[in-house]
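Visitor: Take 8 as the starting number for the sequence shown in this note's numbering and just add one per residue.
Don't be surprised by glycine CBs; every beta carbon is placed ideally from N, CA and C.
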Amino acid sequence: MMKRILITAFLAGTVSFLFAQTLATVTSPDGNIVFRILSKGETASVSSLAYELDYKQQAVIKPSAIGFVLKEPSVTLNRFEINGQQNRVIDETWQPVWGEVKTIRNHCNELVLSLKGQNGILLNFIVRVFNDGVGFRYSFPQQQQLHHFIVADELTSFAMTGDHTIWWIPGDYDTNEFFYNTTHLSEIDASSSKMSQEIAAMTFFDKNAVQTPSLMKTAAGLYISIHEASLVNYPAMDLVLDKSNYVFHAQLVPDAVGNKAYLETPAKTPWRTIIVSDDARDLLASKMILNLNEPSKIKNTDWIHPQKMVGVWWEMHVGKSTWDYAGTQDMNSWENLKNAKPTGKHGATTANVKKYIDFAAKNGIEGVLVEGWNVGWEDWFGHWKEDVFDFVTPYPDFDVQELHRYAAAKGVKLIMHHETSASATNYERWMDTAYRFMKNNGYDAVKTGYVGRIIPRGEHHDGQWMVSHYERVAAKTASYQIMLDAHEPVRPTGLHRTYPNWLASEAARGNEFNAWSVGNPPEHETILPFTRLMGGPMDYTPGIFQIKLNVYDPAKKEQVHTTLAKQLALYITMYSPLQMAADLPENYEQHMDAFQFIKDVAVDWDDTKILAAEPGDYIYMARKAKGKDDWFIGCITDENARTAAFKLDFLDPGKQYLATIYRDAGDADWKTNPEAYTIEKKIVNSQASLQLPLAPGGGAAVSLSVATPEMQKMIKDEMKMKKKKKWEINK
Ligand code: NOJ
Ligand code: CA
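#1: Using a Cβ-Cβ cutoff of less than 8 Å, which residues in the same chain neighbour G20 once the five nearest sequence positions on both sides are dropped?
#2: Within the same chain, show all residues whose beta-carbon is closer than 6 Å to that of V254, passing over the 5 residues directly before and after it, in chain order.
#3: By alpha-carbon positions, which one of T34, V67 and N215 ends up nearest to R95?
#4: Can you give me the Cβ contacts of W101 inside the same chain, cut-off strictly under 8 Å, excluding the 5 residues immediately before and after it?
#5: Quick check: the stretch 635-647 against the stretch 312-323, are at least 3 beta-carbon pairs closer than 8 Å?
#6: Can you give the Cα-Cα distance for K362 and T356, rounded to whole angstroms?
#7: Does the distance between the C-beta of V458 and the nearest non-hydrogen atom of ligand 2 fall short of 8 Å?
#8: Looking at Y457 and Y402, is the spacing between their C-beta atoms short of 9 Å?
#9: Which first and last residues belong to the beta strand (DSSP E) in which A707 is found?
#10: According to DSSP, what are the bridge partners of F75?
#11: Return yes when the C-beta of H468 is under 8 Å from any heavy atom of ligand 1, and no when it is not.
#12: Kindly indicate which residue of A452, M587, Y180 and T505 has the alpha-carbon position closest to the one of L246.
#13: Among W612, D614 and Y595, which has the Cα closest to the Cα of I605?
#14: Assess, as a yes-or-no matter, whether the stretch 549-564 is touched by the stretch 230-246 under the definition of 3 or more beta carbon pairs within less than 8 Å.
#15: Under a Cβ-count criterion, where at least 16 other Cβ atoms within 10 Å of its own Cβ denotes burial, should I97 be classed as buried or exposed?
#16: Pull up the CB-CB distance for F132 and L120, whole angstroms please, since I reckon it's below 8 Å.
#17: To the nearest angstrom, how far is it from the Cα of V53 to the Cα of E117?
#18: Return the Cβ separation of A666 and V709 in integer angstroms, given the expectation that the two are a contact with Cβ distance under 8 Å.
#19: In the DSSP assignment, what residue or residues form a beta bridge with V474?
#20: Can you tell me which of Q92, V419, R649 and M545 puts its alpha carbon nearest to the alpha carbon of I579?
#21: Nearest to D37 by CA position, among S81, Q28 and Q64, is which residue?
#22: Going straight from the alpha carbon of S193 to that of A227, what length do you get?
#23: Cβ of W509 versus every heavy atom of ligand 1: is any distance shorter than 8 Å?
#24: Just checking my contact of L491 with A481 at CB under 8 Å: how many whole Å lie between their CB atoms?
#25: Please tell me whether, using a cut-off of 8 Å, the distance from the CB of E593 to the nearest non-hydrogen atom of ligand 2 is below it.
#26: Taking only three categories from DSSP, how would you classify D439?
#27: What are the start and end residues of the alpha helix (DSSP H) that includes W523?
#28: Considering only DSSP beta bridges, list what T545 is partnered with.
#29: Can you give me the Cβ contacts of V260 inside the same chain, cut-off strictly under 6 Å, excluding the 5 residues immediately before and after it?
#30: Does DSSP put Y578 in a helix, a strand or coil?
#31: Would you kindly work out how many angstroms separate the C-alpha atoms of F156 and V283, rounded to a whole number?
#32: Alpha carbons only, please: which of F396, P70 and G318 is nearest the one belonging to V382?
#33: Mapping the DSSP letters down to three states, classify T190 as helix, strand or coil.
#34: Does any heavy atom of ligand 1 sit closer than 8 Å to the C-beta of M323?
#35: Using the Cβ count rule (16 or more neighbours within 10 Å means buried), how would you classify K258?
#36: H494: beta carbon under 8 Å from a heavy atom of ligand 2?
Okay, structure coming up:
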């Protein structure tokens, strides 16, 4: 027996020599993915275990470690006896409360290995292999040998097969608001000095560390995404690369004393997820992370509704108005707090909010977000203060009751803003009072924020305590029937399945960075769907029409790194059931023809087709509006011009559609002429295709609705007229 193992090992190379025996194999339903549990086989029963993963007969993950280092009890769990093994097939379909598709199939092969580790500690290793990837997690059953315990380290690793290309942001315990670097694994350098792009709180820890969802591409053209699913009561996982062998090691976010997780059996970790395909589009279409999350904990979900919003928001980011009452925009001046007097620059005044309500009501936008409405903005930032906001005291020029009455009369809902200034302890004390205040004043959605260093002091944005805090907020808002949009939380892991009131999170570098920092390069939006959005919807705040920002102040050098047409396309490519039309009403009023797309575009979908995609380069997508025949298409490019060419074969074959195309004009360019767009209408059907020119940093958006015979005639007549005119001009 031993001889046979050695011979196999010799043939297969050194790595297999270390893990010579395959103990169990789980294959994806389509047979493309093979997950193996390997053993070193040191003794007949006790062995170090590893896992490996193949896709279409190519190695994706080489033998990689599993296990833990525990503290209290102090024991390393890395050698196991296998006590049992259970296999089952899961095949079910379910309908999300809202989403990119109407129905989701959860189809995988599951293996549960019952293990006994050092000190006789029992744990299970659970694997689910889907057609799009693999999820595995550890669970600790209730047992005599282990009750309370502390995780000092998780030993999970991911051994990559070579020096892949990776789209990465630095590993950090407190922020994910970076733009992406595209390098080989060997070139990762997360040194914080290089990366501090005007981010409020950062905790760099290792120059070889990156965050998940992390996207890689192999030389052979395989796309690999590593992330986690169902992050509950556990810290987030960063990945630290050993450059000598391209092995990523899990690095859990610690607390103040360096511990990672405090658990009590029964306990389970989040799923570690690996999504893999040779077609980049499959990653964007993957529903594996959602499938690995628990079903909705909210029984009655009728009150949850995807929506669009405008807001007293961008005007503060571009410096036209301020959050603070005195209009200083000085965010940490105790002096201002004492002497606050209005100067006419405060944004959240009753009159200004009414302007946004009017605009929303006129254009069918459901929500109006208002920031800077409550006392505290004079000294909210930078002082690690525990009690900044109370979430119930408005500034004197913000009339809560009058605005409630006014908004209700116009069929619009105000969206509450709770900036916690990262004092989660203060927020926990106020939550009930704040949510009652919201409900009494007609609010049913809240945007939270966690700018700054976390309190409890020593905790991090992505550590276990805060992960549980964000979940408590999701659960508590749900109990008040309040929808949630979290800014600066830990990166999402599909928990919006479990808490569908949690419509969106920021948890990445949003459009706002274009307003006041070096901004986001044009490729940023072609990477986010492959990385951050793998875990859930993002409140990216698209829709900026006034792209050059020196209109607000001639000295202002920033601009949004985009064209106007690309801003429209983001409503499709940057998925969220909560989409902001982020620009100011007066800017939209100058381009109501283009704003028509934002008015029309849906925020909830029956179907999604990824037409073409390459991370860092372009994404073309089509989505079918929930319960309707309408389709919407978004195409975006990076800094390079290109033509988006695709078939419309997803349309219903028997029907004619009116296509309204919003695209970059011939002379558009994100640097020099970002606001140049043209709008065309034509009649198309499922046999047609479109070729849409995209400017450098540009995009195109298309709305398609079933054309009545009258519409078809109208368009034909218009085209005839245009041709005639051209002919007359040429004559
Ligand atoms: C950062 C958030 O991302 C942004 O949307 C908000 O306006 C500010 N914090 C102030 O809370
Ligand atoms: Ca932010």
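Guide: Looking at the coordinates:
#1: With a pLDDT of 36 at G20, under the threshold of 50, the modelled position of this residue cannot be trusted, and the question is left open.
#2: S164 and A166
#3: T34
#4: T110, I111, N113 and P302
#5: no
#6: 10 Å
#7: yes
#8: no
#9: G706 to V713
#10: L84 and E161
#11: no
#12: Y180
#13: Y595
#14: no
#15: exposed
#16: 4 Å
#17: 23 Å
#18: 6 Å
#19: DSSP output for V474 lists no bridge partner at all.
#20: M545
#21: Q64
#22: 17 Å
#23: no
#24: 6 Å
#25: no
#26: helix
#27: F520 to W523
#28: Checking the sequence shown, residue 545 turns out to be Met, not Thr. In the DSSP output, where bridge partners are listed per residue, M545 has S512.
#29: Y180, P242, A243, H467, D469 and G470
#30: helix
#31: 34 Å
#32: F396
#33: strand
#34: yes
#35: In the sequence on display, residue 258 carries Gln and not Lys. The residue in question, Q258, is buried, as its Cβ has 16 or more Cβ neighbours within 10 Å.
#36: yes
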